[in-house]
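Peer 1:
Number of protein chains: 2
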Amino acid sequence: MSKSIFYHAGCPVCISAEHDIVNLIGEDNVKIVHLGEDRSQIKNAEIAGVQSVPALLTSNGNVLHINFGASMADVKG
Amino acid sequence: MSKSIFYHAGCPVCISAEHDIVNLIGEDNVKIVHLGEDRSQIKNAEIAGVQSVPALLTSNGNVLHINFGASMADVKG
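Those sequence lines, one after another, are chains A and B. Every letter in the first sequence is one number past the one before it in UniProt numbering, and letter 23, counting from 1, is 23. Every letter in the second sequence is one number past the one before it in UniProt numbering, and letter 45, counting from 1, is 45.
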């Protein structure tokens, strides 16, 4: 199985969700991308369908938006 | 590890998310609760902190709200 990608932006909700996701699916199965620190990944995230963070892009291309997170506009702003 | 609980209400977004979650964490590690069919569970879900569905209640008590789902008010309505 290829890795899922967990997109976040460093907010407390994101960090909490990151820990939960890593615990649930295992850190070997998920790549963590911090969009605040690696802004070059924002475009890729948007193309993949990420509308808010935190979000989990599964290996089959689905996006699970988690919690009532920050909008992509907030991440860019 | 005790099981996580995936709450949903049968909407297309819920079913898609359910498949993703089961694929990610394994069906042995998650209990699926359909709040539309098992309305007695709505109160438990709310007490656990579920504000919208689909949502994943992790074994450590955190609630991951997934996608832009239906509000609990909609599930009750």
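Beta carbons are placed, not taken as given, at the ideal position from N, Cα and C, and that holds for glycine.
(1) Taking 8 Å as the threshold (C-beta atoms), are A/LEU64 and B/ALA55 in contact?
(2) Since A/SER4 meets chain B, which of its residues come closer than 8 Å, beta carbon to beta carbon?
(3) Can you check which of these residues, B/GLN41, B/LEU57, B/GLU37, is closest to B/ASN29 by C-alpha distance?
(4) Tell me whether the region 25 to 45 of chain B and the region 5 to 15 of chain B touch, counting them as touching only if at least three CB pairs, one residue from each stretch, are closer than 8 Å.
(5) Excluding five sequence neighbours on each side, which residues of the same chain lie with their C-beta closer than 8 Å to the C-beta of B/LEU35?
(6) May I ask you to report which of helix, strand or coil DSSP gives A/LEU35?
(7) Tell me where the beta strand (DSSP E) around B/SER4 begins and ends.
(8) Output, in sequence order along the chain, the residues in the region 55 to 66 of chain A whose CB is closer than 7 Å to any CB in chain B.
(9) Would you decide whether B/ASN60 is buried or exposed? Buried here means 16 or more other CB atoms lie within 10 Å of its CB.
(10) Quick check on B/ASP20: buried or exposed, where buried means 16 or more other Cβ atoms within 10 Å of its Cβ?
(11) Could you list the residues in the region 8 to 19 of chain B with a C-beta less than 7 Å from some C-beta on chain A, going in chain order?
Peer 2: Reading off the structure:
(1) Taking the first residue of the second sequence as 1, we reach residue 55 of chain B at position 55. Taking the first residue of the first sequence as 1, we reach residue 64 of chain A at position 64. No, the pair does not count as a contact, with Cβ atoms beyond the cut-off.
(2) Here residue 4 of chain A is taken as the residue at index 4 of the first sequence, counted from 1. Chain order gives the chain B residues near A/SER4 as LEU24, where near means a beta carbon separation below 8 Å.
(3) Numbered from 1 along the second sequence, position 29 holds the residue referred to as residue 29 of chain B. The residue among B/GLN41, B/LEU57, B/GLU37 with its C-alpha nearest the C-alpha of B/ASN29 is B/LEU57.
(4) Because the criterion of three Cβ pairs below 8 Å is met, the region 25 to 45 of chain B and the region 5 to 15 of chain B touch.
(5) Your numbering for residue 35 of chain B matches position 35 in the second sequence. Contacts found: TYR7, HIS8, ALA9, GLN41, ILE42, ALA45, VAL53, VAL75.
(6) Start at 1 with the first residue of the first sequence, and residue 35 of chain A comes out as number 35. The answer is coil: DSSP assigns A/LEU35 none of H, G, I, E or B.
(7) Within the second sequence, residue 4 of chain B is the residue found at index 4, counting from 1. That run of the beta strand (DSSP E) goes 4 to 8.
(8) The region 55 to 66 of chain A vs chain B, Cβ under 7 Å: THR58, ASN62, LEU64, HIS65, ILE66.
(9) Position 60 of the second sequence, counting from 1, holds the residue named residue 60 of chain B. Exposed is the call here.
(10) Here residue 20 of chain B is taken as the residue at index 20 of the second sequence, counted from 1. Buried, since its Cβ has 16 or more Cβ neighbours within 10 Å.
(11) Cβ contacts with chain A: SER16, ALA17.
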